[in-house]
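These protein sequences, in sequence, are chains A and B. Each residue of the first sequence is one higher than the last, beginning at 1 in the working numbering. Each residue of the second sequence is one higher than the last, beginning at 1 in the working numbering. Where is the CB? At the ideal position from N, CA and C, for every residue including glycine. Since we're looking at a predicted model, the values are computed, not measured. Worksheet for the structure shown next.
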Amino acid sequence: MSVKAFDLIPALERLKIRCIECWGTNLYLGTEDAFIFHYILEETVKNGSVTFRGEKCSHRHLPAKKPVLQLKAASALDRMLVLCDGVISILHLSTLEPISGATKIKNVALFSLNENPLESSPFSVEIVVALKKKNVLIFTVTEDKMMLKKEISTQEPALALAVDGAHVCVALQSQYKIGNFETGHVQELFPYDREQVNPVVIRISQEEFLLSAPGALGMFTAASGISQRPPLQWSANLIHVVYTHPYILALNDEFITVHSILDQQQKQTLPFMGGRCLGEFDGRLVVTTASDVYILAPVAIEKQIEALLADFRVSEALSLAQNARKTGLSKEQFVKMFRQIQLKAAFIEFSQMHFEEAFKLFHEGKLDVRELISLYPRLIPASSEFVRSIPPLHEIADINQLARGDRVKVQEFKDFLLRYLEGVRGTPRGMNHALEIDTALLKLYAESGRSQLVTLISSDNACDATECATCLEKQGRHHALALWYYHRGNQEMALRIWSRLTDLELLWKYVDWTLERSEEDGVKIFMQHPKRKVESDRMKPENIVKHISRFPKALVAYLEFLIFTQKSQKETFHTHLAVLYTDQVTGHLKDTNKEQLVKAREKLSYLLRESDLYQVQLLLGEKIRDTELYPECAILYGKLAEHEKALDILVTKLHDFSAAEAYCITASQGKDMACRKHIFLLLLSIYLKPGDE
Amino acid sequence: MEGTFKKETNTIGAHFSLRQWGSYNIAIWDTAGEEKFCGLSAFYCRGAGAAIFAYDVTSEDSFHTLRARFKTLLQDADKDCLVVVVATKVDLLPSHARAVSQDDALILTRELNSAPLEQLPYFETSSLNGQNVVKVFEYIFNQKLSHQNLEEQNRTVRSSTVDLRSSSRSSSSKCRC
Ligand SMILES: Nc1nc2c(ncn2[C@@H]2O[C@H](COP(=O)(O)OP(=O)(O)OP(=O)(O)O)[C@@H](O)[C@H]2O)c(=O)[nH]1
Ligand SMILES: [Mg+2]
């Protein structure tokens, strides 16, 4: 696979090109037949496509009549260095005329400009010169002088060289060496065979060089003589190599190949027959055949990244983006651009179900989480103001499109969203979109039946009210729905739902939970629980009574419900309630405000009178006989038909004669005359008994 | 370093990876075995603190190649470079004959390591089933890193692996190191 990093654009045509040089829009060609041509490059952009045209402005024929081997412009000095016939001479940059009286260097095989000079000065440049003999020299070049500074012996003539600071890397007849002008130390790198390898050396950056090696490899080497990058794989018949970050371009007889220095992989191949020169000049790339000149125009980095992403080559795209710092963006612009790419990459990973990678990239790209949620049908609430980003971050319609009806995959997508939302919820970024996050979480929990549903509902949340209630209802999450209402202050609704819960486990759990909050509310769950034909053991009133026995108010309410509403005929309920009523009365006896007491007594006597089902003896013996609850005691004696004792209390303890007479009437109601007489006689005998007073 | 690996293609030039071992950065080169890359392999071994010499336990040739080349390969490595000799493909031994004896391997190991060592650095491994692969690297890291003093802590330790297995695919006439 490849990415298009460069376009090849013809610039001008010229014969027998041997070398090129370029600065600004000035292009110089040195020819096999001793000519130097100077052109001005005109760049025109029309409808987004670039064309180049070369306008010739001058030329010069060198007297040596030999090939022009190298040209190097020193624009700051207004000079051009030229190597022809083994001699480096200095020319005027603009006129290409020789400088009279200027120094020349003879017996030169090749030279190279030191872009990282030992002494930097605006009035000079540094060149490293390989002599045809066996040494390499470093010169300072001024407007008209070239002064030798240092020298290293290489023992063999050099075939190629590159320089950085004090380090010079040279290709000799059968091996590469690296030398240091300051220490004079020369180190061997590795051997090569000239028959098979055309030696090429270029400078990559400070203290790093790239060399052509056996097997068409491009070997990186640091100035220290060791390598810290894996080699590049080139093709045979290499002619020249240039580096323009992050690409390394290699010219051979048929192609220009483009490798990335970041991953050492080949990115693009441009067919290019008969290549002769390849040069990089401040970012401008020029390539020639023997007669034609082309400009290699970089394809905008954004386009390259888009192309990589379109090919699903995410890590390459990211790495390219990360290294695009040079393209003149401000820090903020860069960060923004990079995040955008991270997000695009994330959606690609996502669509391929590479969830780990997607998670990381979503996170790093600071995803507006709603972009992700919106890929899941029906998760974004209607109340949300969200619209997808323009330009779009992806081309995904929704996860159903990605999963293509595969249920397992759909679930994996949902699990991923859950995990992501749980991660982002509560973070500052999550806060901004709490509505969408919480609603989506609730819907996902509701659908999958996860226990976190209850936790979410029971804590502060920003869920969309109507959608969530509808969803819980639809998913049959009744308990959750009840809780939902409960936490929104709608206890009535909550209890109604709870009492209808068919899942008794849950019901019991929530009875306690509500009882602890409100006994009156909690007990309603039982009171509203619909009666079924076959009732489970747990829902039998006995069990309910037992269960709520530690909640006195709830217990009373429930027993009242059983006795008065359900008309339960169970003795134990009646006795139990009577005992509880009695305890309430006793509890209020000492109150100064008698209101409560009065109420409690009314209830107690009502029950004692109306019910015939409680254990009278028990109540009397355990609770009432030895207390001052005389009216209640009288009722109990009445129940036992111990009329004398009842009347005695009414008369002697309470002095309530009308009550006593009423008692006689009630007690004898429906009985025969003899019985009535007997009762009234009893009353009379009590009246006649000698009293205490 | 993943414990097991199976790579079908010949290494061209070299592969490189960086690993973290505690606070250390470890640079690992996997160099090519073919003879034409021998010069490059020596280059990659420059300054190496440790080297792994691997040969195919079922191929006598691979062992001889290793004997023939080690001097060149190690000429620029650290003076006290730890050289670990590794017999690979031991998973094949039930079905294939052992072509290199342990004794021969141990003799070579002793020859290659000038520094005194408690245990001769020789391992029998299989990258098919992962046997001893991690051990080899752990042994190296422990040997090279535990004795270092604090000022050297941040130094990157370079180690090179020199793969000397002869490929089952390549003919025996092709000398591979
Ligand atoms: N059975 C078995 N086969 C192995 C083992 N190790 C490697 N192989 C096989 O041997 C062949 C070569 O393995 P490589 O690791 O590529 O060999 P290499 O020494 O790195 O080769 P170069 O990179 O060309 O030097 C491959 O087909 C592997 O599958 C092993 O432990 N057991
Ligand atoms: Mg290999």
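Quiz prompt | Where His433 of chain A falls, given that 16 or more other Cβ within 10 Å makes a residue buried | solution = Position 433 of the first sequence, counting from 1, holds the residue named residue 433 of chain A. When all chains shown are included, His433 of chain A counts as buried.
Quiz item: Using 8 Å as the Cβ pair cut-off and three pairs as the minimum, do the segment 467-479 of chain A and the segment 431-451 of chain A touch?
Solution: yes
Quiz item: What do you reckon, are the CB atoms on Pro121 of chain B and Val83 of chain B nearer than 8 Å?
Solution: Sequence index remark: in the second sequence, residue 121 of chain B carries index 121 (1-based). Sequence index remark: in the second sequence, residue 83 of chain B carries index 83 (1-based). Yes, Cβ-Cβ distance for Pro121 of chain B and Val83 of chain B is below 8 Å.
Practice problem: Compute the minimum distance between the beta carbon of Thr88 of chain B and the heavy atoms of ligand 4, and state whether it is under 7 Å. | Solution: Absence of ligand 4 from the depicted structure is noted, with ligand 1 and ligand 2 being the only ligands included.
Exercise. Quick one: using the 10 Å Cβ neighbour count with 16 as the cut-off for buried, is Cys57 of chain A buried or exposed?
Key: In the first sequence, residue 57 of chain A corresponds to position 57, counting from 1. Looking at its Cβ environment, which holds fewer than 16 other Cβ atoms inside 10 Å, Cys57 of chain A is exposed.
Quiz item: By the 10 Å Cβ neighbour count, where 16 or more other Cβ atoms means buried, how is Pro246 of chain A classified, buried or exposed?
Solution: Against the first sequence, residue 246 of chain A aligns to sequence position 246. The residue in question, Pro246 of chain A, is buried, as its Cβ has 16 or more Cβ neighbours within 10 Å.
Practice problem: Under 8 Å Cβ to Cβ from Gly274 of chain A, same chain only, skipping five residues before and after it: list those, please. | Solution: Working through the first sequence from its first residue, we reach residue 274 of chain A at position 274. Once the five neighbours on either side are set aside, the close Cβ partners of Gly274 of chain A are Asp253, Thr289 and Ala290.
Quiz item: What are the boundary residues of the alpha helix (DSSP H) that includes Leu442 of chain A?
Solution: Your numbering for residue 442 of chain A matches position 442 in the first sequence. Its alpha helix (DSSP H) spans residues Ala434 to Ser448.
Practice problem: Determine the chain B residues that contact Gly225 of chain A at a beta-carbon separation under 9 Å, and present them in chain order. | Solution: The residue labelled residue 225 of chain A in the question sits at position 225 within the first sequence. Residues of chain B passing the Cβ test: Phe43, Arg46, Gly47 and Asp76.
Self-check item: Minimum Cβ-Cβ distance from Lys36 of chain B to chain A less than 8 Å
Solution: Counting from 1 along the second sequence, the entry for residue 36 of chain B is found at position 36. Closer than 8 Å: yes.
Self-check item: Buried or exposed (CB count within 10 angstroms, at least 16 for buried), Ile152 of chain A
Solution: Sequence index remark: in the first sequence, residue 152 of chain A carries index 152 (1-based). So Ile152 of chain A counts as buried.
Quiz item: Secondary structure at Pro121 of chain B, three-state DSSP: helix, strand or coil?
Solution: Against the second sequence, residue 121 of chain B aligns to sequence position 121. Here Pro121 of chain B sits in coil by DSSP.
Practice problem: Between the Cα of Arg488 of chain A and those of A:Ala462, A:Ser499, A:Trp508 and A:Arg500, spot the shortest distance and give me the residue it belongs to. | Solution: For the purposes of this step, residue 488 of chain A is taken as residue 488 along the first sequence, with counting starting at 1. Of the candidates A:Ala462, A:Ser499, A:Trp508 and A:Arg500, the one whose C-alpha sits nearest the C-alpha of Arg488 of chain A is A:Ala462.
Quiz item: Among A:Leu27, A:Arg18, A:Trp23 and A:Ala641, which has the Cα closest to the Cα of Asp33 of chain A?
Solution: Numbered from 1 along the first sequence, position 33 holds the residue referred to as residue 33 of chain A. Nearest C-alpha to Asp33 of chain A: A:Arg18.
Quiz prompt | Partner residues on chain B for Leu189 of chain A, Cβ-Cβ distance less than 7 Å | solution = Residue mapping note: residue 189 of chain A aligns to position 189 of the first sequence, counting from 1. What Leu189 of chain A touches in chain B: Phe43.
Practice problem: Taking Gly352 of chain A as the query, report the chain B residues whose CB atoms sit under 9 Å from its CB, ordered along the chain. | Solution: Here residue 352 of chain A is taken as the residue at index 352 of the first sequence, counted from 1. One detail in the question is off: residue 352 of chain A reads as Gln in this sequence, not Gly. What Gln352 of chain A touches in chain B: nothing, since even the nearest Cβ is about 22 Å away.
Exercise. With a threshold of 7 Å, establish whether the CB of Gly39 of chain B neighbours any heavy atom of ligand 1.
Key: The sequence position of residue 39 of chain B within the second sequence is 39, counting from 1. False, no ligand heavy atom lies under 7 Å from that Cβ.
Quiz item: Helix, strand or coil: which one does DSSP assign to Asp720 of chain A?
Solution: Only positions 1 to 693 of chain A appear in this structure, which leaves residue 720 of chain A out of reach.
Exercise. Consider the Cβ of Arg155 of chain B: report whether some Cβ of chain A lies at a distance smaller than 8 Å.
Key: Reading the second sequence from its first residue, position 155 is the one you call residue 155 of chain B. With a pLDDT of only 42 at Arg155 of chain B, under 50, the local geometry of the prediction cannot be trusted, and the value read off the model is given with reservation. So, not an interface residue.
Quiz item: Quick one: any contact between the segment 342-353 of chain A and the segment 424-433 of chain A, if contact means 3 or more CB pairs under 8 Å?
Solution: no
Quiz item: Which residues in chain B sit within 7 Å of Pro246 of chain A, going by Cβ to Cβ distance?
Solution: Your numbering for residue 246 of chain A matches position 246 in the first sequence. What Pro246 of chain A touches in chain B: nothing, since even the nearest Cβ is about 17 Å away.
Quiz item: Going along chain A, which residues have a C-beta under 9 Å from Phe70 of chain B?
Solution: Mapped onto the second sequence, residue 70 of chain B falls at position 70. Those within 9 Å of Phe70 of chain B in chain A number zero; the least Cβ separation is about 17 Å.
Quiz prompt | Residue closest to Glu628 of chain A, alpha-carbon to alpha-carbon, out of A:Lys590, A:Ala659 and A:Ala641 | solution = Locating residue 628 of chain A in the first sequence gives position 628, counting from the first residue. With distances taken between Cα atoms, Glu628 of chain A lies closest to A:Lys590.
Quiz item: Among the residues of its own chain, which have a CB less than 6 Å from the CB of Gly179 of chain A, if the five just before and after it don't count?
Solution: Here residue 179 of chain A refers to the residue found at position 179 of the first sequence. So the qualifying residues of the chain are Ile152, Val168 and Val186.
Quiz item: What are the partner residues of Ala87 of chain B, as DSSP defines its beta bridges?
Solution: Along the second sequence, one-based indexing puts residue 87 of chain B at 87. The partner list for Ala87 of chain B (beta bridge, DSSP) reads B:Tyr55 and B:Glu124.
Quiz item: So what's Pro199 of chain A in DSSP terms, helix, strand or just coil?
Solution: Counting from one through the first sequence, the residue named residue 199 of chain A turns up at place 199. Here Pro199 of chain A sits in coil by DSSP.
Quiz item: What did DSSP end up calling Ala73 of chain A once you bin it into helix, strand or coil?
Solution: For the purposes of this step, residue 73 of chain A is taken as the residue at position 73 of the first sequence. Ala73 of chain A falls in the strand class under three-state DSSP.
Self-check item: Within 8 Å, strictly: CB atoms of Leu41 of chain A and Ala73 of chain A
Solution: Indexing the first sequence from 1 puts residue 41 of chain A at position 41. Indexing the first sequence from 1 puts residue 73 of chain A at position 73. Cβ distance not < 8 Å, so Leu41 of chain A and Ala73 of chain A don't count as in contact.
Exercise. List the residues of chain A that Phe141 of chain B touches, going by C-beta distances under 7 Å, in chain order.
Key: Along the second sequence, read from residue 1 onward, the residue named residue 141 of chain B stands at position 141. Simply none; closest approach about 19 Å.
Practice problem: Scan the segment 400-419 of chain A for residues whose Cβ lies nearer than 7 Å to a Cβ of chain B and list them as they occur along the chain. | Solution: none
Exercise. From the DSSP output, in three-state form, read off Glu357 of chain A for me.
Key: By 1-based counting over the first sequence, the position of residue 357 of chain A is 357. In this structure, Glu357 of chain A counts as helix in the three-state DSSP scheme.
Self-check item: CB contact check: Pro230 of chain A to chain B, cutoff 8 Å
Solution: In the first sequence, the residue the question calls residue 230 of chain A occupies position 230. Pro230 of chain A counts as touching chain B.
Practice problem: Run the proximity test for Ser126 of chain B: is its beta-carbon closer than 7 Å to any non-hydrogen atom belonging to ligand 1? | Solution: Residue 126 of chain B sits at position 126 when you count from the first residue of the second sequence. The answer is yes for Ser126 of chain B.
Quiz item: Considering Asp164 of chain A, what are the terminal residues of the beta strand (DSSP E) in which it resides?
Solution: One-based indexing of the first sequence puts residue 164 of chain A at position 164. Segment Ala160 to Asp164, the beta strand (DSSP E) holding Asp164 of chain A.
Exercise. Express the C-alpha separation of Ile665 of chain A and Asp672 of chain A in angstroms, rounding to a whole number.
Key: Mapped onto the first sequence, residue 672 of chain A falls at position 672. Mapped onto the first sequence, residue 665 of chain A falls at position 665. Those two C-alpha atoms are separated by around 12 Å.
Practice problem: Could you name the residues of the same chain whose beta carbon sits closer than 6 Å to that of Leu507 of chain A, not counting the 5 residues immediately before and after it, in chain order? | Solution: Taking the first sequence and counting its residues from 1, one reaches residue 507 of chain A at position 507. The answer, listed in chain order, is Leu501.
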